[in-house]
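Chains A and B, in that order, are what the protein sequence lines are.
Residue numbering for the first sequence follows the working numbering, beginning at 1 and increasing consecutively.
Residue numbering for the second sequence follows the working numbering, beginning at 1001 and increasing consecutively.
Structure, as structure tokens:
2 protein chains.
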Amino acid sequence: MALISKSCEYGLRAALFIAARGDNGFVPIHDISRDLGISFHFLTKILQKLTQNGLLKSYRGPSGGIALARKAHDISLLEIVRAIEEHDIFSTCVLGLKNCGDSTPCPLHQHWARERTRIESSFGSMTLDKLSKPIANGTLRLTD
Amino acid sequence: MALISKSCEYGLRAALFIAARGDNGFVPIHDISRDLGISFHFLTKILQKLTQNGLLKSYRGPSGGIALARKAHDISLLEIVRAIEEHDIFSTCVLGLKNCGDSTPCPLHQHWARERTRIESSFGSMTLDKLSKPIANGTLRLTD
DNA sequence: ATGTTAAAAGAGTCTTTTGTCTTAATATGA
DNA sequence: TCATATTAAGACAAAAGACTCTTTTAACAT
């Protein structure tokens, strides 16, 4: 089991890939799919979610593709995760209890609530521009 | 997407349930299943994994059931998670990259490696006896 | 207009996880 | 020995997640 779904992994990697290109032109999904090794049609649907949520913008036809809808410093990884994941991992009980919360906690609530808040703020503070610079450098990578 | 699988949630809840009973007798799986609202046959297989890993012990026939194989203070939640989850969530890359590590990190590695280590040690320090006491009290609960 | 490029949309398949059902194996007690 | 209680094991079904394929829509170029 992973923290986030495959779809979410792909969405994050694609967004970082687009941000790392630097220019403001539209990147064809086919290019992203090829370079990151992600199924084209599957990736298309994930990116659709991100455009529908106002994080990316798309353009059809020749020299069309996908681009960031806002400045890279204004898009956090948290927004991307929230747009793709249907269940909010940052507010669900680690034992799966529906009514778990501060008032009626499960045995792990006190511990897990702290951790998940920390992770949430970590994802919230990571923006596309911060992470994409070392990718453009070649210091960090998005593929195996 | 959740941090741990349903199987793992059930395994943790069942282990805490057994520990909270306090006595050393065998608890029939049917009782656990009924009280926690978990499918009997499904739970049986999860508990089998825990007995095979030496965390629980089982006994067949009348007045048989499941019991802790060791003292409650000697069983951590981390051991239970490790026995049930096939992939180790505490060592996998958050972006799903196979070779992500300190030498060839993904863009999130530095951040996520810290978080997952913290969670791992948190699960490692939580033992069944620590968490089961407030359950026996009725302060904390294992069901909705 | 027509053809080409590219995203959007939707149906369908495969795999994994979750859950159910049936049969065996083991222990107890009358 | 026989009925009963209980875990073990394995086949099967349902649901969700991951992925594929086909058709449609939009934009551009000639």
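Glycine included, each C-beta is placed from N, C-alpha and C at the ideal position.
Once the 5 residues before and after residue i are set aside, which same chain residues still bring their CB inside 6 Å of it?
i	result
A/L3	none
B/A1067	F1026 and K1057
B/I1046	S1007, Y1010 and G1011
A/P134	L140
A/C85	Before going on, a small fix: residue 85 of chain A reads as Glu here, not Cys. Closer than 6 Å at the Cβ level, and outside the excluded window around A/E85, lie C8.
Whose C-beta lies closer than 8 Å to the C-beta of residue i among residues of the same chain, with five residues either side of it excluded?
i	result
B/E1079	N1053 and L1055
A/G64	F26, P28 and S58
A/S91	R116
A/T51	K57, S58, I66 and A69
Under the DSSP definition of a beta bridge, which residues are partnered with residue i?
i	result
A/T127	A/S76
State yes or no: is the beta carbon of residue i nearer than 8 Å to at least one beta carbon in chain A?
i	result
B/N1099	yes
B/K1006	yes
B/D1144	yes
B/I1119	yes
B/A1072	no
B/G1096	yes
B/P1146	One cannot answer for residue 1146 of chain B here, as it falls past the ends of chain B, which runs 1001 to 1144.
B/T1051	no
B/I1089	yes
B/I1135	yes
B/E1115	yes
B/H1041	no
B/A1083	no
B/E1009	yes
B/L1047	no
B/L1003	yes
B/P1105	yes
Can you name, in chain order, every residue of its own chain whose Cβ lies under 7 Å from the Cβ of residue i, other than the five neighbours on each side?
i	result
B/P1087	Per the sequence presented here, residue 1087 of chain B reads as His, with Pro not at that position. Nothing listed; no residue qualifies.
B/L1043	Y1010, A1014, I1029, I1032 and S1033
B/D1129	A1019, A1072 and H1073
A/F40	I29, H30 and S33
A/C100	C93, C106 and H109
A/K6	none
A/H111	none
A/S132	L16, A19, A20 and A72
B/T1143	L1036 and G1037
A/G124	S76 and L78
B/G1022	A1136
B/A1069	G1054, L1055, L1056 and K1057
B/M1126	S1076 and L1077
B/L1097	C1106
A/V81	I4, C8 and F123
At the 8 Å Cβ level, is residue i part of the contact set with chain B, yes or no?
i	result
A/I18	no
A/T127	no
A/S122	yes
A/R13	yes
A/R141	yes
A/T44	no
A/L131	yes
A/H30	no
* Scan the segment 1051 to 1116 of chain B and note each continuous alpha helix (DSSP H) run of 4 residues or more that stays entirely inside, going in chain order. => 1077 to 1084
* Would you call the segment 1110 to 1118 of chain B and the segment 113 to 121 of chain A touching, i.e. three or more CB-CB distances under 8 Å? -> yes
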